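For the sequence shown, the positions run 6 to 342 when my numbering is used.
Beta carbons: idealized from backbone N, C-alpha and C, even for Gly.
Since the model is a prediction, treat every value here as computed from it, not as a measurement.
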Amino acid sequence: MAWRTDWQVLINDQDLTSSWSRHLISIGITDQAGTASDSCTLDVDDAHGQVRLPSGGQKIQVLLNRVLAFEGVVDGVTSSGGRSEGRKLAISAKGFDTAGDAKKVQGFHLDDATLGEFLEAAGAEAGFSVAVDPALAGIARDYWSAEFESLLSLGERLARQFGGTFKLRGDKAVLARRGEGLSANGQALPTITARYGENLIGWSLKPRDPRRTFAAGETRYFDRASGEVKTERVAFEGTEGVGDNVLRLAEASRSDAKATLEARGRESDREAGGGSITLDLAPDARAECSVVLIGARPGIDGKYRADSVSHRSDRGGGATTTISVKQPADGAGTDTR
């Protein structure tokens with residue numbers, strides 16, 4: 006059965022599209038906003054063992070409709086089959102080499118440095134180049150430390166603390182500020198439009214969830230000048246939540262406390278609601294991009310933030326993109342009729 010989707014697969018820069026044209030069964034790609042690696046699965050008809058077995062660690066690229074939808078390394082290959090069911094290969098890939106130095110434990114510190122300088126030093130030790138969002142890169146502290154943790158766990162810890170998204174892709178590490186619709190270099194991510202009657206297939210959305218939002222945040226910090234433990238409180242703008250998000254752990258300074266609470270404010274805004282939107286294949290959709298829903302109904306239409314994006318295509322049918330969304334805005338959650 007002929008494919009309806011224009012696809013390309015390259016392994017170690019070798020284009021396998023032509024040789025796999027009669028054997029590739031399906032493509033699945035997931036792009037997530039931090040904490041988990043991007044992933045890709047290729048199912049291949051292996052009836053006669055005609056497909057050469059890829060090796061772990063090989064570079065892989067997958068394009069959909071001539072858009073680079075995935076780039077990473079082969080993580081593993083599973084062969085399955087039986088006497089009455091034929092043979093199949095399932096090739097799995099990750100956005101970075103999970104067997105590489107990204108998991109190497111590091112223990113070091115930097116004095117009087119910025120967040121950008123600290124993360125670049127950790128990245129260099131693991132063999133990664135690092136890009137940090139300008140809004141985060143200049144955060145200065147008199148002491149930064151990696152407490153015997155890998156680049157992956159360190160980046161995720163810093164992302165949680167400062168309201169960012171940390172990603173490893175190939176040999177590059179990226180720390181971007183969350184909820185801004187920008188990449189780490191400050192460039193705008195694409196805006197995806199899902200319109201009823203055109204490319205919108207379905208949706209399941211709860212545009213307001215007050216259980217996950219707060220009106221303000223509060224934490225303690227140590228004031229060196231007075232030698233006392235004090236409290237910092239920051240009101241969260243743009244959120245309809247109530248009550249304070251009180252943090253249990255104290256911060257080292259007032260500036261650290263303020264930065265942490267501002268990050269919690271962005272997280273509160275992000276968690277105000279969400280759900281999922283499914284549409285015809287949109288290969289340029291990325292985690293953290295904006296998604297505009299049109300034509301669903303009043304109070305549901307509006308703008309959302311993509312938390313994860315999944316593309317699915319197979320030779321027996323069409324291709325779809327499912328986007329898990331958060332951070333409702335521009336009318337989402339408010340029926341003005």
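- By the C-beta density criterion, Gly270 is buried, having at least 16 other C-beta atoms within 10 angstroms.
- DSSP places Gly86 inside the beta strand (DSSP E), whose first and last residues are 72 to 87.
- In the structure shown, Ser24 falls within a helical segment according to DSSP collapsed to helix, strand and coil.
- Gln66 is bridged by DSSP to Leu15, Glu76.
- In the three-state scheme derived from DSSP, where H, G and I count as helix and E and B as strand, Ala255 is classed as coil.
- Three or more beta-carbon pairs separated by less than 8 Å are not found between the segment 304 to 312 and the segment 226 to 238, which leaves the two stretches without contact.
- With fewer than 16 other CB atoms across the displayed protein chains lying within 10 angstroms of its CB, Phe113 is exposed.
- Under the three-state reduction of DSSP output, Leu163 falls in the helix class.
- Judged by their CB atoms, Ala220 and Val247 are nearer to each other than the 7 Å cut-off.
- Around the Cβ of Gly91, a 10 Å sphere holds fewer than 16 other Cβ atoms; the residue is exposed.
- For Asp36, the three-state secondary structure derived from DSSP is strand.
- One Cα belongs to Pro215, the other to Ser281, and the distance between them is close to 18 Å.
- Selection Ser42, Val56, Thr10 evaluated against His28 yields Val56 as nearest (Cα-Cα).
- Taking the C-beta atoms as reference points, Thr326 is found nearer than 7 Å to Ala290.
- In the three-state reduction of the DSSP assignment, Phe123 falls in the helix class, which pools H, G and I.
- Assigned with DSSP and collapsed to three states, Leu157 falls in helix.
- Within the same chain, Ala127, Ala151 come within 6 Å of Leu159 by CB-CB distance, once the 5 residues on both sides are set aside.
- DSSP, reduced to helix, strand and coil, places Leu173 within a strand of the structure shown.
- With respect to the 7 Å criterion, Ala292 and Ala136 are not classified as neighbours on the basis of their beta carbons.
- Runs of the alpha helix (DSSP H) lying entirely within the segment 193 to 280, each at least 4 residues long, are 259 to 275 in chain order.
- Counting other Cβ atoms within 10 Å of its Cβ, Arg342 stays below 16 and is therefore classed as exposed.
- The beta carbons of Lys99 and Asp80 sit closer together than 7 Å.
- For the options Glu276, Leu69, His316, the alpha carbon positioned closest to that of Pro212 is the one of Glu276.
- Below 8 Å, too few C-beta pairs join the segment 173 to 180 and the segment 259 to 273 to call them touching: fewer than three.
- Of Lys109, Ser24, Leu94, the smallest CA-CA separation from Thr46 is found for Leu94.
- Distances from the CA of Gly168 to each of Lys177, Ile144, Ser155, Phe153 were compared; the closest alpha carbon is that of Ile144.
- Here the alpha carbons of Gly62 and Val179 stand approximately 21 Å from one another.
- Taking Trp208 as the centre and dropping the five residues before and after it, the same chain places the C-beta of Ala199, Gly280, Ser281, Ile282, Thr283, Leu298, Ala301, Ile305 closer than 8 Å to its C-beta, in chain order.
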